[in-house]
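Per the working numbering, the very first residue in the sequence shown carries number -1; after that it's consecutive. Using N, Cα and C, we set each Cβ at its ideal position, and we do this for glycine too. Remember, predicted model here, so these are calculated numbers, not experimental data. Below: one structure, written as structure tokens.
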Amino acid sequence: MDKIILEGMEFYGYHGVRPEEQVLGQRFIVDLELELDLRPAGESDDPGRTVDYAQVFELAESVVRGRPYRLIESVAEAIAASVLEALPVAGVRVRVKKPQAPVPGRFTWMAVEIKRAKTYL
């Protein structure tokens, strides 16, 4: 399956288990891989036959900047659900990174990664 990849999207949100995380907020980094057939777009050079990157960015941003979640697992699920509902993709891989996680010690980021597919009834 072909992919569209958006990596390193940064948003400020209020997610976390600790109360101060939901009051002070912090930076989150989101990576997305959208699975879809890119042949029609590639062969036709028609923007209407692919996914608008700006729309994908806005979907991820609306979740991260929206209601607070305690877990970044929940943030990832909400992003995946939003993408699958709004866009003509077969599947999505979502990685949510938390570079300022309240963990003592030195690290680049903590993250979760999920992969979800569109279900057809």
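At which residues does the alpha helix (DSSP H) containing residue i begin and terminate?
i, result
"Y67", "Segment: none, Y67 is in no alpha helix (DSSP H) and carries neither H nor E."
"L4", "Unbroken run through L4 is the beta strand (DSSP E), 1 to 11; no alpha helix (DSSP H)."
"G40", "37 to 42"
"V62", "51 to 62"
If I measure Cβ to Cβ from residue i and keep anything under 6 Å in the same chain, skipping five residues before and after, which residues do I get?
i, result
"V110", "I70, E71, A74, V94"
"F9", "F26, E59, V62, R63"
Tell me the residue span of the beta strand (DSSP E) that contains residue i.
i, result
"L30", "24 to 33"
"R114", "108 to 115"
"V90", "89 to 96"
Count the other C-beta atoms from every protein chain shown that fall within 10 angstroms of the C-beta of residue i, then say buried if there are 16 or more, exposed otherwise.
i, result
"S80", "buried"
"K113", "exposed"
"Y67", "buried"
"E19", "buried"
"T48", "buried"
"L22", "exposed"
"G46", "exposed"
"G103", "exposed"
"V101", "exposed"
"G6", "exposed"
Tell me, to the nearest whole angstrom, how far the beta carbon of residue i is from that of residue j; I am working on the premise that it is less than 8 Å.
i, j, result
"V87", "A78", "Not really, about 10 Å apart at Cβ, beyond 8 Å."
Beta-carbon within less than 7 Å of residue i's beta-carbon, same chain only, minus the 5 sequence neighbours each way: which residues are those?
i, result
"A99", "M108"
"A115", "A88, G89"
Which residues in the same chain as residue i place their Cβ atom closer than 8 Å to its Cβ, once the five residues preceding and following it in sequence are excluded?
i, result
"V54", "I2, L4, L30, L32, V81, L85"
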